[in-house]
Each structure stands twice: as structure tokens, then as C-alpha cells.
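Quick notes on the structure that follows.
If you want it as C-alpha cells, here you go:
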């Protein structure tokens, strides 16, 4: 995803949601996610997109999806890592 090098802005969170079923399959298969970049906008938007993917493709409530991303993926399994600034 490129947000600066073209006329139409395409952001990583949009690409993640566009491929949500595949991203969910990656979650199910134990994939690791590493997000690096701007913490004020991009990281928050990507985080929200991952929660929405868990809701839509994992059939979770918002509370369960948030728990899955923030507790299971980030803290317990350390499969969602962020280097944001």
C-alpha cells in the first residue's frame, strides 16, 4: 500500500480489510504481524482494521475481537508486534 507515491491514496489498513478473509486465515494459521510506522494515525487505523477483520471473518463480537487482538495476539502469543513512533 502506498499513500504518498500516487494520486489516489491507498493505506495499509484499507488493503488489510480488502483482503480480510485471507488475513483471518493467516491469523488461524499462526502468522506473525509486524507493524512499523506512524503511531498517531497508521498504527491506530491498522489496529482497528485487525479488530474489524476478527469481527467480520472470525465471527467475533467487538469485545471478543478486541480481546483476541490485544490480549491473545499481542500479549499472550506475541504474534502482533508494533514498532511505532
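In the numbering used here, the protein residues as written are 5 to 89.
Virtual Cβ for every residue (Gly too), placed ideally from N, Cα, C.
Contact check for residue 49 and residue 15: beta-carbon distance about 7 Å, within the 8 Å limit, so the pair qualifies. Residue 57: member of the alpha helix (DSSP H) spanning 46–62, first to last residue.
Around residue 77, the same chain offers 83, 84 as residues with beta carbons nearer than 6 Å, after the five sequence neighbours per side are excluded. For residue 51, the number of other beta carbons within 10 angstroms of its own is at least 16, and it is reported as buried.
Sequence-distant partners of residue 66 (beyond 5 residues in either direction) whose C-beta falls short of 8 Å from its own C-beta, in its chain, are 55, 59.
With 16 or more neighbouring CB atoms inside 10 Å of its own CB, residue 24 falls in the buried class.
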